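Engineer: Residues in the sequence shown are numbered consecutively from 91, following our numbering.
Heads up, the beta-carbon is just placed ideally off N, CA and C, and yes, glycines get one too.
Quick caveat: nothing in here was measured; it's all calculated off a predicted structure.
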Amino acid sequence: FKEALEALNSAVTIAPDNYDAWFMKGKALDHDSQYEKAISSFNKALEIKPDLIKVLFNKGNVLDHLGRYDESIATYESIIALRPDSYKAWNNKGLTLARIPDQRVESIKAYDVAISIKPDYYEAWLNKGNAAVRIRRYDDAVKAYDRAIQIKPTEHVAWANKGFTLADLGENEKALEAFNKAIELKPDSYAAWNGKGLSLDKLGKNEDAIIAYKKAVVIDPNSYGAWTNLGLAYSRLNNQSEAIRAYERA
91 FKEALEALNS AVTIAPDNYD AWFMKGKALD HDSQYEKAIS SFNKALEIKP
141 DLIKVLFNKG NVLDHLGRYD ESIATYESII ALRPDSYKAW NNKGLTLARI
191 PDQRVESIKA YDVAISIKPD YYEAWLNKGN AAVRIRRYDD AVKAYDRAIQ
241 IKPTEHVAWA NKGFTLADLG ENEKALEAFN KAIELKPDSY AAWNGKGLSL
291 DKLGKNEDAI IAYKKAVVID PNSYGAWTNL GLAYSRLNNQ SEAIRAYERA
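1. Could you tell me which whole alpha helix (DSSP H) segments of length 4 or greater appear in the segment 192–239?
2. What residues in its chain sit with their C-beta under 6 Å from that of phenylalanine 254, if we drop five residues either side in the sequence?
3. Cβ atoms of leucine 146 and leucine 185: under 9 Å apart, would you say?
4. Would you identify the three-state DSSP class for leucine 327, choosing helix, strand or coil?
5. With a 10 Å radius around its C-beta and 16 neighbouring C-beta atoms as the bar for buried, classify serine 289 as buried or exposed.
6. What residues in its chain sit with their C-beta under 6 Å from that of aspartate 298, if we drop five residues either side in the sequence?
7. Any idea what DSSP makes of glycine 315, helix, strand or coil?
8. What's the gap between the Cα of aspartate 243 and the Cα of leucine 187?
9. Could you compute how far the alpha carbon of alanine 111 sits from the alpha carbon of serine 162?
Here you go:
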(Lines of atoms letter the chains of each structure in order from A and count residues from 1; the text may use other names and numbers.)
(Lines give C-alpha, C1' and ligand atoms only; values in the text may rest on other atoms or scores of the structure.)
Protein backbone atom coordinates (compact mmCIF):
# COMPACT_ATOMS: atom_id res chain seq x y z
CA PHE A 1 0.00 0.00 0.00
CA LYS A 2 3.04 2.27 0.19
CA GLU A 3 2.91 3.04 -3.53
CA ALA A 4 -0.86 3.58 -3.43
CA LEU A 5 -0.54 5.98 -0.51
CA GLU A 6 2.23 7.88 -2.26
CA ALA A 7 0.06 8.21 -5.38
CA LEU A 8 -2.91 9.39 -3.32
CA ASN A 9 -0.73 11.88 -1.43
CA SER A 10 0.33 13.29 -4.79
CA ALA A 11 -3.29 13.40 -5.94
CA VAL A 12 -4.50 15.44 -2.96
CA THR A 13 -1.48 17.73 -3.22
CA ILE A 14 -2.17 18.44 -6.89
CA ALA A 15 -5.96 18.69 -6.40
CA PRO A 16 -6.70 19.38 -2.73
CA ASP A 17 -10.43 19.76 -3.51
CA ASN A 18 -10.68 16.25 -4.96
CA TYR A 19 -12.92 14.62 -2.36
CA ASP A 20 -12.70 11.20 -4.04
CA ALA A 21 -8.92 11.24 -3.66
CA TRP A 22 -9.25 12.11 0.03
CA PHE A 23 -11.79 9.31 0.41
CA MET A 24 -9.54 6.76 -1.31
CA LYS A 25 -6.60 7.93 0.80
CA GLY A 26 -8.70 7.41 3.91
CA LYS A 27 -9.63 3.88 2.80
CA ALA A 28 -5.98 3.05 2.11
CA LEU A 29 -4.92 4.38 5.52
CA ASP A 30 -7.72 2.40 7.19
CA HIS A 31 -6.54 -0.76 5.41
CA ASP A 32 -3.01 -0.02 6.63
CA SER A 33 -4.32 0.32 10.22
CA GLN A 34 -3.49 4.04 10.31
CA TYR A 35 -6.90 4.81 11.75
CA GLU A 36 -6.44 8.36 13.04
CA LYS A 37 -4.96 9.46 9.72
CA ALA A 38 -7.82 7.70 7.93
CA ILE A 39 -10.34 9.74 9.92
CA SER A 40 -8.45 12.94 9.05
CA SER A 41 -8.65 12.06 5.36
CA PHE A 42 -12.35 11.26 5.59
CA ASN A 43 -12.88 14.60 7.35
CA LYS A 44 -11.07 16.38 4.52
CA ALA A 45 -13.41 14.74 2.00
CA LEU A 46 -16.42 15.76 4.10
CA GLU A 47 -15.20 19.35 4.37
CA ILE A 48 -15.38 19.50 0.57
CA LYS A 49 -18.63 17.53 0.22
CA PRO A 50 -20.46 17.03 3.55
CA ASP A 51 -23.19 14.75 2.16
CA LEU A 52 -20.91 11.93 0.94
CA ILE A 53 -22.69 8.87 2.32
CA LYS A 54 -19.87 6.45 1.49
CA VAL A 55 -17.35 8.58 3.38
CA LEU A 56 -19.63 8.87 6.40
CA PHE A 57 -20.06 5.09 6.51
CA ASN A 58 -16.32 4.51 6.42
CA LYS A 59 -15.69 7.19 9.04
CA GLY A 60 -18.34 5.72 11.32
CA ASN A 61 -16.85 2.25 10.97
CA VAL A 62 -13.33 3.43 11.84
CA LEU A 63 -14.58 5.41 14.85
CA ASP A 64 -16.42 2.32 16.05
CA HIS A 65 -13.26 0.25 15.64
CA LEU A 66 -11.34 2.79 17.74
CA GLY A 67 -13.95 2.64 20.50
CA ARG A 68 -15.04 6.23 19.90
CA TYR A 69 -18.65 5.16 20.12
CA ASP A 70 -20.37 8.51 20.62
CA GLU A 71 -18.63 9.93 17.55
CA SER A 72 -19.44 6.80 15.56
CA ILE A 73 -23.13 7.00 16.49
CA ALA A 74 -23.20 10.71 15.58
CA THR A 75 -21.70 9.85 12.18
CA TYR A 76 -24.35 7.21 11.47
CA GLU A 77 -26.99 9.72 12.58
CA SER A 78 -25.59 12.14 9.98
CA ILE A 79 -26.27 9.50 7.35
CA ILE A 80 -29.79 8.95 8.71
CA ALA A 81 -30.44 12.71 8.58
CA LEU A 82 -29.46 12.69 4.91
CA ARG A 83 -31.17 9.41 4.11
CA PRO A 84 -33.73 8.32 6.75
CA ASP A 85 -34.41 5.06 4.89
CA SER A 86 -30.79 3.89 5.06
CA TYR A 87 -31.33 0.57 6.79
CA LYS A 88 -27.59 -0.06 6.83
CA ALA A 89 -27.00 3.17 8.78
CA TRP A 90 -29.68 2.15 11.31
CA ASN A 91 -28.07 -1.29 11.60
CA ASN A 92 -24.59 0.17 12.08
CA LYS A 93 -25.92 2.57 14.69
CA GLY A 94 -27.40 -0.44 16.47
CA LEU A 95 -24.08 -2.29 16.36
CA THR A 96 -22.27 0.62 17.99
CA LEU A 97 -25.00 1.18 20.59
CA ALA A 98 -24.82 -2.52 21.47
CA ARG A 99 -21.18 -2.08 22.51
CA ILE A 100 -22.32 0.31 25.27
CA PRO A 101 -23.83 -1.75 28.13
CA ASP A 102 -26.56 0.72 29.08
CA GLN A 103 -27.53 1.38 25.44
CA ARG A 104 -28.48 -2.14 24.36
CA VAL A 105 -32.21 -1.49 24.55
CA GLU A 106 -31.60 1.49 22.26
CA SER A 107 -29.61 -0.74 19.93
CA ILE A 108 -32.63 -3.02 19.54
CA LYS A 109 -34.75 0.02 18.67
CA ALA A 110 -32.24 0.90 15.93
CA TYR A 111 -32.36 -2.65 14.54
CA ASP A 112 -36.15 -2.49 14.59
CA VAL A 113 -36.07 0.63 12.42
CA ALA A 114 -33.68 -1.11 10.00
CA ILE A 115 -36.07 -4.08 9.88
CA SER A 116 -39.11 -1.85 9.36
CA ILE A 117 -37.36 -0.42 6.28
CA LYS A 118 -36.11 -3.80 5.03
CA PRO A 119 -38.02 -6.68 6.65
CA ASP A 120 -35.78 -9.35 5.08
CA TYR A 121 -32.56 -7.78 6.38
CA TYR A 122 -30.80 -10.85 7.76
CA GLU A 123 -28.00 -8.97 9.51
CA ALA A 124 -30.38 -6.76 11.48
CA TRP A 125 -32.39 -9.75 12.69
CA LEU A 126 -29.18 -11.54 13.70
CA ASN A 127 -27.85 -8.45 15.47
CA LYS A 128 -31.18 -7.92 17.21
CA GLY A 129 -30.97 -11.46 18.53
CA ASN A 130 -27.43 -10.89 19.78
CA ALA A 131 -28.44 -7.67 21.56
CA ALA A 132 -31.46 -9.37 23.14
CA VAL A 133 -29.19 -12.10 24.52
CA ARG A 134 -26.94 -9.51 26.13
CA ILE A 135 -29.88 -8.09 28.09
CA ARG A 136 -31.17 -11.62 28.81
CA ARG A 137 -34.29 -11.38 26.71
CA TYR A 138 -33.77 -14.95 25.55
CA ASP A 139 -37.25 -15.58 24.15
CA ASP A 140 -37.00 -12.42 22.04
CA ALA A 141 -33.55 -13.50 20.88
CA VAL A 142 -34.81 -16.90 19.72
CA LYS A 143 -37.61 -15.21 17.75
CA ALA A 144 -35.07 -12.90 16.09
CA TYR A 145 -32.77 -15.81 15.20
CA ASP A 146 -35.75 -17.75 13.82
CA ARG A 147 -36.57 -14.83 11.54
CA ALA A 148 -32.93 -14.62 10.43
CA ILE A 149 -32.99 -18.36 9.69
CA GLN A 150 -36.22 -17.97 7.73
CA ILE A 151 -34.50 -15.34 5.56
CA LYS A 152 -31.20 -17.22 5.13
CA PRO A 153 -31.69 -20.86 6.19
CA THR A 154 -28.22 -21.89 5.04
CA GLU A 155 -26.31 -19.38 7.21
CA HIS A 156 -24.81 -21.31 10.14
CA VAL A 157 -24.29 -18.37 12.53
CA ALA A 158 -27.97 -17.83 13.34
CA TRP A 159 -28.38 -21.56 13.99
CA ALA A 160 -25.42 -21.63 16.38
CA ASN A 161 -26.54 -18.48 18.18
CA LYS A 162 -30.03 -19.92 18.50
CA GLY A 163 -28.47 -23.05 20.02
CA PHE A 164 -26.64 -21.10 22.72
CA THR A 165 -29.78 -19.11 23.52
CA LEU A 166 -31.95 -22.23 23.79
CA ALA A 167 -29.29 -23.64 26.14
CA ASP A 168 -29.63 -20.49 28.26
CA LEU A 169 -33.36 -21.24 28.43
CA GLY A 170 -32.62 -24.82 29.54
CA GLU A 171 -34.01 -26.29 26.32
CA ASN A 172 -31.06 -28.57 25.72
CA GLU A 173 -32.64 -30.98 23.24
CA LYS A 174 -33.70 -28.08 21.00
CA ALA A 175 -30.28 -26.48 21.49
CA LEU A 176 -28.63 -29.70 20.33
CA GLU A 177 -30.81 -29.73 17.20
CA ALA A 178 -29.76 -26.15 16.42
CA PHE A 179 -26.05 -26.93 16.90
CA ASN A 180 -26.38 -30.01 14.69
CA LYS A 181 -27.93 -27.87 11.96
CA ALA A 182 -25.10 -25.31 12.28
CA ILE A 183 -22.55 -28.14 11.96
CA GLU A 184 -24.37 -29.54 8.93
CA LEU A 185 -24.06 -26.13 7.28
CA LYS A 186 -20.49 -25.47 8.44
CA PRO A 187 -18.69 -28.62 9.61
CA ASP A 188 -15.66 -26.63 10.84
CA SER A 189 -17.66 -24.32 13.11
CA TYR A 190 -15.77 -24.28 16.40
CA ALA A 191 -18.63 -22.54 18.21
CA ALA A 192 -21.20 -25.10 17.06
CA TRP A 193 -19.09 -28.12 18.09
CA ASN A 194 -18.29 -26.58 21.48
CA GLY A 195 -21.95 -25.67 21.96
CA LYS A 196 -22.99 -29.18 20.98
CA GLY A 197 -20.63 -30.55 23.61
CA LEU A 198 -22.13 -28.29 26.28
CA SER A 199 -25.66 -29.40 25.39
CA LEU A 200 -24.69 -33.07 25.42
CA ASP A 201 -23.06 -32.56 28.82
CA LYS A 202 -26.28 -31.05 30.19
CA LEU A 203 -28.21 -34.02 28.80
CA GLY A 204 -25.84 -36.39 30.63
CA LYS A 205 -24.31 -37.69 27.40
CA ASN A 206 -20.73 -37.19 28.52
CA GLU A 207 -19.06 -39.58 26.05
CA ASP A 208 -20.79 -37.89 23.12
CA ALA A 209 -19.83 -34.52 24.59
CA ILE A 210 -16.17 -35.59 24.60
CA ILE A 211 -16.40 -36.40 20.88
CA ALA A 212 -17.83 -32.92 20.23
CA TYR A 213 -15.18 -31.14 22.30
CA LYS A 214 -12.45 -33.12 20.52
CA LYS A 215 -13.83 -31.85 17.22
CA ALA A 216 -13.77 -28.31 18.62
CA VAL A 217 -10.11 -28.50 19.71
CA VAL A 218 -9.08 -29.90 16.33
CA ILE A 219 -10.67 -26.84 14.71
CA ASP A 220 -9.17 -24.45 17.28
CA PRO A 221 -6.24 -26.11 19.10
CA ASN A 222 -5.66 -22.99 21.22
CA SER A 223 -9.18 -22.83 22.59
CA TYR A 224 -9.17 -22.47 26.37
CA GLY A 225 -12.93 -23.06 26.52
CA ALA A 226 -13.12 -26.34 24.61
CA TRP A 227 -10.05 -27.84 26.33
CA THR A 228 -11.52 -26.91 29.73
CA ASN A 229 -14.90 -28.37 28.77
CA LEU A 230 -13.17 -31.53 27.57
CA GLY A 231 -11.38 -31.83 30.90
CA LEU A 232 -14.63 -31.40 32.82
CA ALA A 233 -16.33 -34.04 30.67
CA TYR A 234 -13.52 -36.52 31.37
CA SER A 235 -13.77 -35.72 35.08
CA ARG A 236 -17.46 -36.58 35.05
CA LEU A 237 -16.48 -40.00 33.69
CA ASN A 238 -13.80 -40.32 36.40
CA ASN A 239 -11.07 -40.37 33.76
CA GLN A 240 -8.74 -38.09 35.69
CA SER A 241 -5.61 -38.73 33.62
CA GLU A 242 -7.30 -37.52 30.42
CA ALA A 243 -8.91 -34.66 32.33
CA ILE A 244 -5.50 -33.48 33.53
CA ARG A 245 -4.12 -33.65 29.99
CA ALA A 246 -6.98 -31.50 28.74
CA TYR A 247 -6.57 -28.97 31.57
CA GLU A 248 -2.83 -28.77 30.83
CA ARG A 249 -3.60 -27.94 27.19
CA ALA A 250 -6.04 -25.28 28.30
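Structural biologist: Let me spell this out:
1. 194–207 and 212–224
2. Gly285
3. no
4. coil
5. buried
6. Leu290
7. helix
8. For clarity, residue 243 is proline in the given sequence; the question names aspartate instead. When rounded, the distance between both Cα atoms is 27 Å.
9. 22 Å
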